[in-house]
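Participant: Residue numbers (the working numbering), protein chains in the order written: chain S, 1 to 129; chain Z, 130 to 454. The C-beta atom is built at its ideal place from N, Cα and C for all residues, glycine as well. This is the structure I want to talk about, given as structure tokens.
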């Protein structure tokens, strides 16, 4: 019985070693070798440059279709709480970096329609697209 | 062997437990963080929305390279489905011909094809056809490449498709006529004697007008455009205009009615003008929804109109266009 009792920790040690090795393997497989594949994502997890493009395209579509609710719904996919926030942030960032005036103007028009115009964007409302 | 076997079993069991725990943790509890994805990973409806936004942005800025970059990585199937849906939706909703031409130019550049776009690839070609009496005066795909050489009123060099396909009508003389010049020319001419696009449209005239009385049917103006042989012509713009408004549709988008069929909902008490072509050349004026004469019960049944346009023979002078309803 005493010999049996001495063997039990050895099994336990072996099992612990096995668990640790298994965890390492599991982490390696799950995070690097075969991670979760996302296919049905939403626009809010797009890379920043794609998100920016998405906002610019929403502003362009609003220019054509004039459908403010549709534009708002699309922007809610990026910011459900404050749909106009991505428009303003992008427009002000484009102003800072000297981005396309046409894009900034479209964003300003959309921001104005959303009642979210900022002083930085106001001058662009006078621009003719 | 008897002492090593339990250790071996313990190791294997431990490894299995560790592996399962590790995978559960990495796949379910703390999976790879979902950031910095790209459009191809979007859910199907968002992907189609992305394509739609790309196309609408192209209509605004005319930047083909930018549009291509935005669609980069998306499956052609997604692009094709979304573009087709957008073009057909825009055609059915009567959006401006300029917008539709831009969309169709983009679709063509992206190798997307749908029946509705053929109309807009064709329409601005203001040139006489090689043979006036040829049935090919209907909008056929063979005339498509000509338009894309002088794409839209928007001065955007990037609209020009990369692979122009030479056709019979793409001669230097014909290319010198721009859609802009044609549009201005047409706008300055009198509405009653237009010289719009193809000869067929200029020769269309009222051939038949019949009141249709069917209980339960909403009043409509149904239009059928046929060629000289009575074969329906698809892709003809038909305008229903009234004081303060207008609706536009293109024949052939409702296959149940035939290739040359289009219909509009109409309201009693309104005087309509029915026209064809990009400029809505009026062919029927003072068209009104009227009660059915055989409705003896209470006179509330309003009849629809079925109107047939066919081209007059080439040797016949142009008749009076005012054929009131």
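Quick one: give me the first and last residue of the alpha helix (DSSP H) that residue 360 of chain Z is part of.
Facilitator: As a first step, residue 360 of chain Z is located in the second chain; it is residue number 231 there, counting from the start. Unbroken run through residue 360 of chain Z: none, as it is neither H nor E.
Participant: Starting from residue 139 of chain Z, find everything on chain B with Cβ-Cβ shorter than 7 Å and list it in chain order.
Facilitator: Considering every chain present, this structure includes no chain B. Its protein chains are S and Z.
Participant: Name the two residues that bound the continuous alpha helix (DSSP H) containing residue 105 of chain S.
Facilitator: The count along the first chain starts at 1 and reaches residue 105 of chain S at position 105. Note, residue 105 of chain S: alpha helix (DSSP H), 101-113.
Participant: Quick check: the Cα distance between residue 220 of chain Z and residue 394 of chain Z, rounded to an integer number of angstroms?
Facilitator: Counting from one through the second chain, the residue named residue 220 of chain Z turns up at place 91. Counting from one through the second chain, the residue named residue 394 of chain Z turns up at place 265. Distance between the alpha carbons of residue 220 of chain Z and residue 394 of chain Z is about 16 Å.
Participant: Per DSSP, what kind of secondary structure is residue 72 of chain S in: helix, strand or coil?
Facilitator: Against the first chain, residue 72 of chain S aligns to sequence position 72. Reduced to three states, the DSSP call for residue 72 of chain S is helix.
Participant: Of the residues that make up the segment 31-49 of chain S, which ones have a beta carbon closer than 7 Å to any beta carbon in chain Z?
Facilitator: 31, 35, 36, 38, 39, 40, 41, 42, 43, 45, 46, 47
Participant: Can you find a CB in chain S that lies within less than 8 Å of the CB of residue 136 of chain Z?
Facilitator: Position 7 of the second chain, counted from the start, is the residue given in the question as residue 136 of chain Z. At least one chain S Cβ lies under 8 Å of residue 136 of chain Z.
Participant: Are residue 188 of chain Z and residue 212 of chain Z close, meaning C-beta to C-beta below 8 Å?
Facilitator: On the second chain, position 59 is the one that residue 188 of chain Z refers to. On the second chain, position 83 is the one that residue 212 of chain Z refers to. Going by C-beta atoms, residue 188 of chain Z is not nearer than 8 Å to residue 212 of chain Z.
Participant: With a Cβ-Cβ cutoff of 8 Å, do residue 53 of chain S and residue 199 of chain Z count as a contact?
Facilitator: Looking up residue 53 of chain S in the first chain gives position 53. Looking up residue 199 of chain Z in the second chain gives position 70. It is a contact, given that the beta carbons lie within the stated cut-off.
Participant: Name, please, each residue of chain Z whose Cβ falls closer than 7 Å to the Cβ of residue 73 of chain S.
Facilitator: Locating residue 73 of chain S in the first chain gives position 73, where the first residue counts as 1. The premise fails here: residue 73 of chain S is roughly 10 Å from chain Z at the closest Cβ pair, so nothing lies under 7 Å.
Participant: So for residue 37 of chain S, helix, strand or coil by DSSP?
Facilitator: In the first chain, the residue the question calls residue 37 of chain S occupies position 37. Coil at residue 37 of chain S, not helix or strand.
Participant: Answer with buried or exposed for residue 272 of chain Z, where buried requires no fewer than 16 other C-beta atoms within 10 angstroms of its C-beta.
Facilitator: Numbered from 1 along the second chain, position 143 holds the residue referred to as residue 272 of chain Z. With a pLDDT of 34 at residue 272 of chain Z, under the threshold of 50, the predicted position of this residue should be treated as unreliable, though the coordinate-derived value follows. Residue 272 of chain Z is buried by the Cβ-count criterion.
Participant: Can the beta-carbon of residue 433 of chain Z be found less than 8 Å from the beta-carbon of residue 348 of chain Z?
Facilitator: What you label residue 433 of chain Z is simply residue 304 of the second chain in a count that begins at 1. What you label residue 348 of chain Z is simply residue 219 of the second chain in a count that begins at 1. Cβ atoms of residue 433 of chain Z and residue 348 of chain Z: closer than 8 Å.
Participant: What residues of chain Z sit near residue 102 of chain S, judged by a beta carbon separation below 9 Å?
Facilitator: Here residue 102 of chain S corresponds to residue number 102 of the first chain, with the count starting at 1. Result: 189, 190.
Participant: By Cβ distance, which residues of its chain are closer than 8 Å to residue 243 of chain Z, with the 5 residues on each side in sequence left out?
Facilitator: Taking the first residue of the second chain as 1, we reach residue 243 of chain Z at position 114. Excluding positions up to five away in sequence, the list reads 212, 213, 216, 217, 236.
Participant: Compute the Euclidean distance between the alpha carbons of residue 384 of chain Z and residue 339 of chain Z, then round it to the nearest angstrom.
Facilitator: Taking the second chain and counting its residues from 1, the one referred to as residue 384 of chain Z is at position 255. Taking the second chain and counting its residues from 1, the one referred to as residue 339 of chain Z is at position 210. The alpha-carbon atoms of residue 384 of chain Z and residue 339 of chain Z are separated by roughly 21 Å.
Participant: Touching or not, the segment 101-114 of chain S and the segment 66-76 of chain S, by the rule of three or more beta carbon pairs under 8 Å?
Facilitator: yes
Participant: Is there a C-beta anywhere in chain S that falls below 8 Å from the one on residue 164 of chain Z?
Facilitator: Walking along the second chain from the start, residue 164 of chain Z turns up at place 35. Yes, its Cβ sits closer than 8 Å to a Cβ of chain S.
Participant: Residue 109 of chain S to residue 75 of chain S, Cα distance in whole Å?
Facilitator: The residue given as residue 109 of chain S occupies position 109 in the first chain. The residue given as residue 75 of chain S occupies position 75 in the first chain. Whole-angstrom Cα-Cα distance: 15 Å.
Participant: Got a sec, what are the start and stop residues for the beta strand (DSSP E) residue 456 of chain Z sits in?
Facilitator: Residue 456 of chain Z lies beyond the residue range present for chain Z, which begins at 130 and ends at 454; the question has no answer from this structure.
Participant: In its own chain, which residues sit with a C-beta less than 8 Å from the C-beta of residue 125 of chain S, not counting the 5 before and 5 after it?
Facilitator: What you label residue 125 of chain S is simply residue 125 of the first chain in a count that begins at 1. Same-chain partners within the cutoff: 105, 108, 109, 112, 117.
Participant: Give the residues of chain S in contact with residue 436 of chain Z, contact being defined as C-beta atoms less than 8 Å apart.
Facilitator: Your numbering for residue 436 of chain Z matches position 307 in the second chain. Under the 8 Å cutoff, chain S gives no residues; its nearest Cβ is about 31 Å from residue 436 of chain Z.
Participant: Is any beta-carbon of chain S found at less than 8 Å from that of residue 116 of chain Z?
Facilitator: Since the first residue of chain Z shown is 130 and the last is 454, residue 116 of chain Z is not available in this structure.
Participant: Does the Cβ of residue 122 of chain S have 16 or more other Cβ atoms within 10 Å, making it buried, or fewer, making it exposed?
Facilitator: What you label residue 122 of chain S is simply residue 122 of the first chain in a count that begins at 1. Exposed is the call here.
Participant: With 8 Å set as the bound, which would you pick, yes or no: does the beta-carbon of residue 142 of chain Z sit closer than that to a beta-carbon of chain S?
Facilitator: For the purposes of this step, residue 142 of chain Z is taken as residue 13 along the second chain, with counting starting at 1. Yes, residue 142 of chain Z lies at the interface with chain S (some Cβ there is under 8 Å from its Cβ).
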